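Q: Here it is, the structure in full.
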Amino acid sequence: MTTPDVSAPPPPPVDEAPPPKPEPPKPRFDELTVPENSVVGIHLDTMVSSDTAKVEDKVTAKVSRDVMIAGRTAIAAGSKLEGNVTVVDRGGKFKDRARLGIKFTTLVLPDNTRVPIQTETIFRDGDSPGNEASAKVGASAAIGAILGAVIGGKKGAAIGAAAGGGAGTAAVAAGDRNAAVFASGSPLTVRLTSPVTVFIERQQ
54 MTTPDVSAPP PPPVDEAPPP KPEPPKPRFD ELTVPENSVV GIHLDTMVSS DTAKVEDKVT
114 AKVSRDVMIA GRTAIAAGSK LEGNVTVVDR GGKFKDRARL GIKFTTLVLP DNTRVPIQTE
174 TIFRDGDSPG NEASAKVGAS AAIGAILGAV IGGKKGAAIG AAAGGGAGTA AVAAGDRNAA
234 VFASGSPLTV RLTSPVTVFI ERQQ
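Going by the numbering used here, the sequence shown opens with residue 54, and the numbers climb by one from there.
Have a look at this one:
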């Protein structure tokens with residue numbers, strides 16, 4: 054009978070395979086880029102008039118239709134645009150048209166994410182005052198001539214015409230300019246001057 058050699062080292066342990074590493078979580082959002090020169094339909098929230106507006110006044114609008122990229126909605130209808138008045142020219146009473154300019158700098162998505170954007174300036178001109186002023190002066194002169202003729206014949210007609218013309222000029226000079234106006238709810242389009250990148254929740 055042999056005695057076992059208790060001094061022999063135990064067999065080496067069997068190496069176990071390390072547990073597999075967990076897969077990294079899949080991103081929950083897709084990145085969509087609206088390219089430069091894309092056109093976005095909007096409706097203004099408030100009226101802006103060259104008679105009362107000042108440069109840097111705030112302007113807001115809402116996107117009126119979805120902006121689609123690769124079949125996905127990048128900018129949903131109802132998203133908000135924030136911007137400023139950039140040009141205010143009240144114009145003159147006889148020649149110069151009034152002019153307004155607005156542009157947008159921030160996109161606010163439905164989840165309140167704020168994204169910087171750059172857009173072209175949208176301009177709006179008032180009606181030319183020249184033709185309207187001439188019409189007013191001419192009408193006043195004609196009325197003056199009729200009244201003068203009734204009162205005192207040809208001489209009266211000449212005096213009446215002169216008086217009527219003078220009154221018409223004074224009326225136009227005292228009248229209001231033709232303001233440039235962006236009406237509340239106006240449907241407009243605005244063009245992007247740089248790309249806009251947004252992150253949209255990934256579809257399952």
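Note that CB positions come from ideal geometry on N, CA and C, so glycine has one too.
Since the model is a prediction, treat every value here as computed from it, not as a measurement.
Tell me the rounded alpha-carbon separation between Ala-236 and Ala-129.
A: The residue given as residue 236 occupies position 183 in the sequence shown. The residue given as residue 129 occupies position 76 in the sequence shown. Looking at the two C-alpha atoms, the distance is approximately 23 Å.
Q: Can you grab the Cα-Cα spacing for the pair Gly-124 / Ala-106, in whole Å?
A: Working through the sequence shown from its first residue, we reach residue 124 at position 71. Working through the sequence shown from its first residue, we reach residue 106 at position 53. Straight-line Cα distance between these residues: approximately 40 Å.
Q: So if DSSP puts Lys-133 in a beta bridge, which residue, or which two residues, is it bridged to?
A: By one-based count along the sequence shown, residue 133 stands at place 80. Answer is Lys-115, Val-161.
Q: Taking Leu-16 and Ala-127 to be in contact with their CB atoms under 8 Å, please state how far apart those CB atoms are, rounded to whole angstroms.
A: No information on residue 16 is available, as it lies outside the stretch 54 to 257 that the chain covers here.
Q: Taking C-alpha atoms, which residue in Pro-88, Asp-164, Val-140, Thr-113 lies nearest to Arg-244?
A: Numbered from 1 along the sequence shown, position 191 holds the residue referred to as residue 244. Minimum Cα distance to Arg-244 is reached at Pro-88.
Q: Determine the DSSP secondary structure at Asn-169, reduced to helix, strand or coil.
A: The sequence position of residue 169 within the sequence shown is 116, counting from 1. Note on residue identity: the sequence assigns Pro, not Asn, to residue 169. Strand.
Q: Assuming Leu-153 and Val-138 make a contact with CB atoms under 8 Å, what is their CB distance in whole Å?
A: Position 100 of the sequence shown, counted from the start, is the residue given in the question as residue 153. Position 85 of the sequence shown, counted from the start, is the residue given in the question as residue 138. Rounded, the Cβ-Cβ distance is 7 Å, consistent with contact.
Q: Helix, strand or coil for Glu-109 per DSSP?
A: Indexing the sequence shown from 1 puts residue 109 at position 56. In the structure shown, Glu-109 sits in coil (DSSP, three-state: anything other than H, G, I, E or B).
Q: Secondary structure at Ala-102, three-state DSSP: helix, strand or coil?
A: Locating residue 102 in the sequence shown gives position 49, where the first residue counts as 1. Going by the sequence as given, residue 102 is Ser instead of Ala. Judged by DSSP in its simplified three-state form, Ser-102 adopts strand.
Q: Under the DSSP definition of a beta bridge, which residues are partnered with Pro-64?
A: The residue labelled residue 64 in the question sits at position 11 within the sequence shown. Per DSSP, none; premise fails for Pro-64.
Q: Per DSSP, which one or two residues make a beta bridge with Glu-89?
A: As a working mapping, residue 89 is identified with position 36 in the sequence shown. In DSSP, Glu-89 forms no bridge with anything.
Q: Could you pull out every residue in the same chain whose Cβ sits closer than 7 Å to the Cβ of Lys-133, ignoring the five residues on either side in sequence?
A: Here residue 133 corresponds to residue number 80 of the sequence shown, with the count starting at 1. For Lys-133, where only same-chain residues beyond five positions count, the Cβ hits under 7 Å are Thr-113, Lys-115, Val-161.
Q: Roughly how many whole angstroms lie between the Cα atoms of Arg-150 and Arg-255?
A: Taking the sequence shown and counting its residues from 1, the one referred to as residue 150 is at position 97. Taking the sequence shown and counting its residues from 1, the one referred to as residue 255 is at position 202. Arg-150 and Arg-255 have their C-alpha atoms roughly 50 Å apart.
Q: Output needed for Pro-248: all residues of its chain with C-beta closer than 8 Å, excluding positions within five of it in sequence on either side, in chain order.
A: Here residue 248 is taken as the residue at index 195 of the sequence shown, counted from 1. Contacts found: Thr-86, Val-87, Pro-88, Glu-89.
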